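Here is the structure we will look at, set down as structure tokens.
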Amino acid sequence: MVGKEKILAGAAALLAASTLGAAANEKVTFGTNWLAEPEHGGYYQAVADGTYAACGLDVTIMQGGPQVSGRPMLLAGKIDFYMGGNLLSAFDAVQQGIPMRVVASDFQKDPQVIMSQPGQGLDKWEDLKNADQYIMGDEGAQTFFQWMVTDLGYDAAKRVPYTFNPAPFIANKKSIQQGYVTSEPFAVQKQGGFVPNQFLLADHGWDTYATTIEVMQDTIDKRPEVVQCFVDGSAKGWYKYLYGDNKAANDMIKKDNPDMTDEQIAFSIEQMKKFGVVDSGDSEKLGIGTMNEARIQSFYDKMVKAKVAQPGIDIKKAYTLAFVNKGVGLELKK
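Going from the sequence shown to this note's numbering is simple: count from 1 and add 17.
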């Protein structure tokens, strides 16, 4: 009888523990750096299908946009994780003594692309510097364009501002324009009626990681299991978004951003796969989110040479590899 009572007591304890776990999912907020879009699909997927919940997190996605300053909210402790664009913000944080670290990179390639019009003598990467005009936004002009000038010989005097309208590029057949491979080529096809040449900067030496997960050191120190769950859940979410049923995630994206269309979503996903933005290179063996020290050092050295980043920064304070390179989610790739 005693044995039976022990069994029943053990079963009750397990039930109580499982109920507590389900009810006690830790609430965390992830801030994205723009309005909801397929480029955020893996995170929405992990919310929609319960992947984050499975390891104990109740994740809220706070979408960014032109009026939202997400990184200051991370620094102030108002959100738990933030989506970085590339590694420059992490280098800058070290320079300013801010204890923020990159814990994963969910894009192996920065989706930044340079476009040209076919048949205009600008059909090869090495031809692009000969364009009459370089249409570049202010942020691009201060970052990757400085590298293009320093390392690749582009003429800084040819740069004109990009106003996020493809009309000037379409009108000037001898121009080149920056953009995201998941977005601007779609706009050009719709408005210009042609498919532009597309040159991903990541395939030509711009070796930053992108769509990083940034977190404060205090969170890493005090809640490492939360960081690990979010990093792993995000990786699994990206596998399922790219290779599985992503309808629920896309419905969430469209709810957060009603301007997003099914056509744009389909184009963006196709481009991410075609160009290996999320899953290529090291991620094929080590899993989505992978990073390595040599590549981070390479990018930093390029940025110092281009006078975009300050020399002498201890860049090992900008990131940690403790949460990645474990092959999480590889079995989900179909």
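Every residue gets a Cβ at the ideal spot worked out from N, C-alpha and C, and that includes glycine. Since we're looking at a predicted model, the values are computed, not measured.
Check                                                                                                                                                 : Outcome
With respect to the beta strand (DSSP E) encompassing Y99, which residues constitute its N-terminal and C-terminal limits?                            : F98 to N103
Run the CB neighbour count on F181, radius 10 Å, all protein chains shown included, and call it buried at 16 or more, exposed below.                  : exposed
Span of the beta strand (DSSP E) holding D296?                                                                                                        : Looking at the DSSP string, D296 is not in any beta strand (DSSP E), and its letter there is neither H nor E.
Compare the beta carbon distance of G102 and A227 with 8 angstroms and say whether it is the shorter of the two.                                      : yes
State yes or no: is the C-beta of R88 within less than 8 angstroms of the C-beta of I237?                                                             : no
DSSP three-state label for R312, please.                                                                                                              : helix
Using DSSP bridges, identify the partner residues of A227.                                                                                            : N103 and F124
So, helix, strand or coil for T167, using DSSP?                                                                                                       : helix
Going by DSSP in three states, I237 sits in which element: helix, strand or coil?                                                                     : helix
With Y179 as the anchor, note down where its beta strand (DSSP E) starts and where it stops.                                                          : Where Y179 is concerned, there is no enclosing beta strand (DSSP E), given that its DSSP letter is neither H nor E.
Quick one: what's N214 bridged to in DSSP?                                                                                                            : S133
How long is the line joining the alpha carbons of K160 and P55, rounded to whole angstroms?                                                           : One detail in the question is off: residue 160 reads as Thr in this sequence, not Lys. Straight-line Cα distance between these residues: approximately 24 angstroms.
Indicate whether A311 and V111 have their beta-carbon atoms separated by less than 8 angstroms.                                                       : no
Excluding five sequence neighbours on each side, which residues of the same chain lie with their C-beta closer than 6 angstroms to the C-beta of V45? : L74, V76 and D97
How should A63 be labelled, buried or exposed, when 16 other C-beta atoms within 10 angstroms of its C-beta is the threshold for buried?              : buried
Rank Y258, I131, A188 and F162 by C-alpha distance to the C-alpha of G196 and give the top, closest one.                                              : I131
Taking 7 angstroms as the limit between beta carbons, can you name the residues of its chain near V345, skipping five residues before and five after? : D249, A252, K253 and G304
Reducing DSSP to helix, strand and coil, say where T77 ends up.                                                                                       : strand
Does the stretch 214-227 touch the stretch 311-328, meaning 3 or more C-beta pairs lie closer than 8 angstroms?                                       : yes
Could you tell me the boundaries of the alpha helix (DSSP H) in which V64 lies?                                                                       : G58 to A65
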